[in-house]
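Visitor:
Numbering (the working numbering), first residue to last: 348 to 575.
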């Protein structure tokens, strides 16, 4: 009877899986990169309390934070090409599936990071903003030089936790046909009838990377704490 687990198979799977980890890294890069920029913009817009825009932004953030990431991924993956085709972008249905995976994670991160940074900006004493206006700074200058640097320090713990959660969430991408490290592990398991070895390596890799990220963010938080 064939063994249910084989260390030989485990080590044989490692070089076959590692190259696909780059796909995971790309999803994290696009998700956090776009989400960070749009999240800060969205946070600043919500703090303006624009009557015509606030309800729309509130619905968007509530939907993204209140529904499972898998649901959002499926809606964007299957729905966004149809929406784009309906407005004249017919070639959208032929775009690489990674484009829609990037979009799904970026839109999700935008909502989560906007709330993290909105709370952080509100935590900066209002008197500092008033003092900035008093010395002649514009709103943009006051936010760029005074508010946002302090808000970043306050937001860092939440940002770190969200970054790690995004890293874990990328494993959903294989459900829409993206061959990332999880998709490759599933394919190897199906072809060798040894699924456990591949999934165990993926689990260990995620654990090591998550611990490394946690240590890195904790170190950065301690360094920035000296300036508070």
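We put the CB at the ideal spot given by N, CA and C, even for glycine.
Note that this is a predicted model, so its numbers are computed, not measured.
To the nearest angstrom, how far is the alpha carbon of residue 523 from that of residue 529?
Guide: 12 Å
Visitor: Who are the near neighbours of residue 445 in its chain, counting only those whose CB is closer than 6 Å to its CB and skipping five residues on each side?
Guide: none
Visitor: If you draw a straight line from the C-alpha of residue 384 to the C-alpha of residue 458, how long is it?
Guide: 11 Å
Visitor: Check whether the stretch 420-429 and the stretch 348-361 are in contact - that is, three or more C-beta pairs closer than 8 Å.
Guide: Too few Cβ pairs lie closer than 8 Å, so no.
Visitor: Which word fits residue 428, buried or exposed, when buried means at least 16 other C-beta atoms lie within 10 angstroms of its C-beta?
Guide: buried
Visitor: With 16 as the cutoff for other CB atoms within 10 Å, does residue 376 come out buried or exposed?
Guide: exposed
Visitor: On the criterion of 16 or more Cβ atoms from any shown chain inside 10 Å, does residue 348 qualify as buried, or is it exposed?
Guide: A caution first: residue 348 carries a pLDDT of 40, below 50, which makes its placement in the model unreliable, though a value can still be read off. So residue 348 ends up on the exposed side.
Visitor: With 16 as the cutoff for other CB atoms within 10 Å, does residue 545 come out buried or exposed?
Guide: When all chains shown are included, residue 545 counts as buried.
Visitor: I want to know whether the stretch 379-394 touches the stretch 464-483 - three or more CB-CB distances under 8 Å.
Guide: Of all C-beta pairs linking the stretch 379-394 to the stretch 464-483, three or more are shorter than 8 Å, placing the two stretches in contact.
Visitor: Taking residue 491 as the reference, give the member of 508, 504, 468, 507 with the closest Cα.
Guide: 468
Visitor: Let's test the definition: count the other Cβ atoms within 10 Å of the Cβ of residue 481 and tell me whether it reaches 16, buried, or not, exposed.
Guide: exposed
Visitor: Nearest to residue 496 by CA position, among 436, 441, 571, 397, is which residue?
Guide: 571
Visitor: Quick check on residue 491 - is its C-beta less than 7 Å from some C-beta in chain B?
Guide: Protein chains in the displayed structure number just one, and chain B is not present.
Visitor: Quick one: is residue 565 buried, meaning 16 or more other Cβ sit within 10 Å of its Cβ, or exposed?
Guide: exposed
Visitor: Which residues bound the alpha helix (DSSP H) around residue 457?
Guide: If you look at residue 457, you'll find it in the alpha helix (DSSP H) that goes 444-470.
Visitor: Do residue 511 and residue 560 have their C-beta atoms closer together than 7 Å?
Guide: Between residue 511 and residue 560, the CB-CB gap stays under 7 Å.
Visitor: Give a yes or no on whether the C-beta atoms belonging to residue 568 and residue 503 are separated by under 7 Å.
Guide: yes
Visitor: Note down the Cα distance separating residue 535 from residue 360, rounded to an integer number of angstroms.
Guide: Each residue's Cα considered, the two are about 8 Å apart.
Visitor: Return the chain-ordered list of same chain residues with a C-beta closer than 7 Å to the C-beta of residue 453, the five sequence neighbours on each side being excluded.
Guide: Excluding positions up to five away in sequence, the list reads 377, 378, 381, 382.
Visitor: Please state the DSSP three-state secondary structure of residue 388.
Guide: helix
Visitor: Less than 7 Å between C-beta atoms, sequence neighbours within five positions excluded: which residues of the same chain meet that for residue 501?
Guide: 467, 470
Visitor: From 557, 549, 525, pick the residue whose C-alpha is nearest to that of residue 370; which is it?
Guide: 525
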